[in-house]
Amino acid sequence: MERKQNAQPPVVEIDHVSKRFAKVLANHEVSITLHRGEVVALLGENGAGKSTIMNILYGIYHMTSGEIRVDGVKQNITTPRDAMALGISMIQQHFSLVGAHTVTENIILGNVRGKIDYAAEEKKVQELSDRYQFGVDAKAKVGDLPVGMQQKVEIMKALYRNTRILIMDEPTAVLMPQEIDTLMEFIRSFVAQGNSVFFITHKMREVMQVADRIVIMRNGEVSGTVSKAEVQMADLARLMIGHDLEVLSRSEHDEKKEAVRLKVDHVTVERKNELPLLKDLNFEIHAGEIMGVAGVSGNGQDSLCELLYGALTPTSGTITLDGKDITHLNVAQHIALGVGYCASDRHRYGMVADMSLSENMMLKSSYLHRWDKGGWISWKSVDRYTRDKISQYSIKAPDAGVTIGSLSGGNQQKAVVAREVDMGQNFVIFDQPTRGLDLGAINYVHKTILGEREAGKSILLVSTELSEVFTLSDRIAVICEGKFMGIFRNGELTTEQIGMLMAGVPIEELPERENNAEEGGAADGLKGGQT
Amino acid sequence: MNKRGEFGRLIFWTVLAIFLGLLICYLFLPLMGVSPSLAFTTMVTGVFSDKFTMGNILIKTTPLILTGLAFSFTYKANLYNIGAQGQFYVGCMGAVAVSLRLAEKIPGPLVLILACAAAMAGGALTGFIIGFLKAKAGANEFLVSMMSTYVVIYLLQYSLGSWLQEDKHEYLKTNSIKKAVWLPKIIDGTSVSLGIVIAVIAAIVVWLILYRTTLGYRVRVTGQNIHAARLSGINPVREYMIAFAISGAIAGLAGFTEINGMQHMLLTDFESSIGSYGIGIAIMASANPIGVIFAALLFGFLQVGGTVLSHSTDAPASVIDLMLGFVMLFVLMSFFFRRRSELRAMKKQALTKEV
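Chains A and B, in that order, are what the protein sequence lines are. The first sequence begins at 1019 in our numbering and counts up one residue at a time. The second sequence begins at 2 in our numbering and counts up one residue at a time.
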């Protein structure tokens, strides 16, 4: 690479680019270069400005100041079309595919004019798929394909346009462990042909796996550029968050000694003429226990949480909490019984963005007469409570009166966690509690969850992040298509085995279960920073 | 961004908008053969020269505050109550019926209280039906509330021709209510009744309900994020019905202040545009109950000023609507420009970073 660098200018030079949105400075003097045949990883916490700078390169955002050069020539990229003309393609975190159309139709969308020769196009698309061994059927309907395949369709869209600079935004977020490996192989072979890749991620393990050079971003600025050969994961973590991570410790737990608090007995949720959302669930959560639920997202996790929070009523079966039948109670009654719920999508389900922090802190308790006498709210006491929580959870907020929407994602989540932990005096449901958070905040939320476990609460932790499930759980249930594939003690299975269960392989068909048992899942699934 | 600076900017932009709106309106006056400068002096001197005309502003303002509040309340639940006019008429019927039947049978103040209660209950019921249809049948509240006004108008005409009709059975109107059940006048030399006080108190009460009670809190949560509301044990369907019932009650209250405070009888086509003005007032005030008072005052002033203008010059009566329209338009535009100037100010803070 060094050689090439001298011979020709870098493929892409981002030169002191700044981007200011109305309220935030998203990028500040960012300079990044990308050479031919190179994978540059953009590593950083969420909100570090990785996606923003790439969206500028792709013409979706416009920079406030700075310059972008492609092949040494200054370019003014104002639309994605300009970017495509320069051979730049970007695969967004959320795919832009038309589900009702076939793979071919999706790929040629926007690239053809007039009468379309479908047979010829299909053949071309199929060849493309075969060349990279994607195994995608050109005639298949995109909506029927699993997420991993859909991503390949997105990649094929880029390849079809003769892309030589591919930007991938968090491409592994939706993939199962096995699919991630295939993706990495593709990236290596793609750059081997003289193409270049920007790989946006916040996962250090992937960076070490695939990148040639690593650009670390923090608070909208580049905080370091290192080549993979000369860096340790621990150093990366420090560059990313600015300080070392605390190592979490989890005391051992013997659930047999503790009383059962939550008991779910043969519960099925099924709507008429539809596949069951949840099928014959049976489990117990003891006092002081965290049960993790691992699974690819969209396999019934949301339904499970809503069921246990009273937002969904089971078709059959019973649920008891501390011996009381709560099967048919509604949400308000669940809240009154001390059940907390940190929903995965906090913007939609967990907070009211335009209301103040205080107003959000009383969201779940408006019926509990905790803050009101005969319906008259004492904002003084709510504000006092909120300020306590602000200092207790070190939420970065100027005051209890600011709107929660003006806080950063991590601080919003801290506030929501603070509220739910307080509301859930007996049982707390965490659904993806750290999704979209930066490492510092993740660490904090994890510590809080473990703290609640020590306090003797029962905790259900749903996460698609295997490392999270492994770090926190006492027992792990694997969910697939609304069914539990099995419940295991943490450490009983490896990441790979859990991955296969998540993909729907029955437990009996797992290869060599005992051999890997003592290795434990935890070491394998940990994020780099925690090793 | 401090609160006081924001408030100052709001006042500045709103005053500027009102000024520009009137200015543009005056530029149209030569087309009607009226000199703008004359029109301006006529309007100012005409309105502020005698007490009685000034009082008229408060009289016009009273029902506008209430219909503005009615729209604001449902707006906080992210609902649109376009039917305040209908709820107002039902309130009128309630007030006039009680006042006619009970006057001189029981003490006046008691009749007033009952008339007020009847007006609010009538309005609340009308509103509740809209909320109920929205909640239970998923009907579009915008359409239902709009059409409900027409239903009520025909109901009103029928009532005025039958059980409420005057003893002479000549016109579609009721008898005048007895003086004992009039709302007392509060300013000598004017017709200003206690109604304006009731309206201002209503605005304060609405503010208190919205921002100081769990009921209002739940209405606002439902309006801003229905999904979060549902997962917080709040039943949005219930909140819809509550919000519409309260909104209807406020509009109904306007019926009471108009019947017992001002007109002292009910007739067809009575105050037929206060419902739609109320929407404009609420939007101008960004649905803030206290802001509604001032927006309604402005509308009241323009109405009286316009009337003076059309009486003492050649300007047609429609000059009132012209002024209201322009002022409204400019105030709405000022929201946009205020927002843009704020954004620009934010960008100007160099490229400094917030910590």
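For glycine and all other residues, C-beta sits at the position ideal for the given N, C-alpha and C.
Across the structure, residue 32 of chain B and residue 333 of chain B are spaced so that their CA atoms are roughly 26 Å apart. Close CB contacts of residue 314 of chain B within its chain, under the 8 Å cut and outside five residues either way in sequence, are with 35, 39, 40 and 43 (chain order).
In the structure shown, residue 1316 of chain A falls within a coil segment according to DSSP collapsed to helix, strand and coil. Listed by position along chain B, the residues whose Cβ is nearer than 8 Å to that of residue 1381 of chain A are 222, 229 and 233. According to DSSP, residue 1359 of chain A shares a beta bridge with A:1447. One finds 1393, 1394 and 1395 in chain A with Cβ atoms closer than 7 Å to the Cβ of residue 214 of chain B, taken in chain order. The beta carbon of residue 1395 of chain A is closer than 6 Å to those of 1389 in its chain, skipping five residues each way along the sequence. Interface annotation, residue 10 of chain B: not in contact with chain A, CB-CB separation never under 8 Å.
In the three-state reduction of the DSSP assignment, residue 1059 of chain A falls in the strand class. A straight line joining the alpha-carbon of residue 7 of chain B with that of residue 210 of chain B spans about 24 Å.
Taking the beta carbon of residue 1353 of chain A as reference, the chain B residues within 9 Å of it are 233 and 234, listed in sequence order.
Bridge partners of residue 1498 of chain A according to DSSP: A:1501. Secondary-structure assignment with DSSP links residue 1302 of chain A through a beta bridge to A:1281. Only those residues of the stretch 1325-1349 of chain A whose C-beta falls short of 9 Å from the nearest C-beta of chain B are listed: 1327, 1328, 1329, 1348 and 1349. Among the CB atoms of chain B, none fall inside 8 Å of the CB of residue 1362 of chain A.
Residues of the same chain with a CB within less than 7 Å of the CB of residue 1338 of chain A, apart from the 5 flanking positions on each side, are 1281 and 1344 in chain order. Note on residue 53 of chain B: under 16 other CB atoms within 10 angstroms of its CB, so exposed under the neighbour-count rule. Around residue 321 of chain B, the same chain offers 304 and 307 as residues with beta carbons nearer than 6 Å, after the five sequence neighbours per side are excluded.
Interface flag for residue 1223 of chain A against chain B is unset, since no Cβ pair is found closer than 8 Å. At a cut-off of 3 residues, the continuous stretches assigned as beta strand (DSSP E) that sit fully inside the stretch 1141-1213 of chain A are 1183-1187. The beta carbon of residue 1368 of chain A sits closer than 8 Å to some beta carbon of chain B. Interface with chain A (8 Å Cβ-Cβ cutoff): residue 218 of chain B is included.
Contact between the stretch 1086-1094 of chain A and the stretch 1142-1154 of chain A is absent: fewer than three C-beta pairs spanning the two stretches fall below 8 Å.
Interface residue (Cβ-Cβ distance to chain B less than 8 Å): residue 1384 of chain A is classified as such. In terms of beta-carbon proximity, residue 79 of chain B stays away from the interface with chain A, with every pair separated by 8 Å or more.
In the DSSP assignment, residue 1390 of chain A forms a beta bridge with A:1395.
At a cut-off of 8 Å between C-beta atoms, residue 57 of chain B does not count as an interface residue with respect to chain A.
Contact between residue 1305 of chain A and residue 1279 of chain A holds, since their C-beta atoms are separated by about 5 Å, short of 8 Å. In the DSSP assignment, the residues bridged to residue 1033 of chain A are A:1085. Taken through DSSP and simplified to helix, strand or coil, residue 331 of chain B comes out as helix. The beta carbon of residue 1372 of chain A falls within 8 Å of a beta carbon belonging to chain B, placing the residue at that interface. Here the alpha carbons of residue 1285 of chain A and residue 1316 of chain A stand approximately 19 Å from one another. For residue 254 of chain B, the uninterrupted alpha helix (DSSP H) segment begins and ends at 237-259. Cβ-Cβ distances below 6 Å link residue 1276 of chain A to 1304, 1305 and 1306 in the same chain, with the five nearest sequence neighbours on each side left out; the list follows chain order. Taken in chain order, the whole beta strand (DSSP E) runs of length 3 or more contained in the stretch 1448-1493 of chain A are 1476-1481.
Collapsing the DSSP output to three states places residue 168 of chain B in coil.
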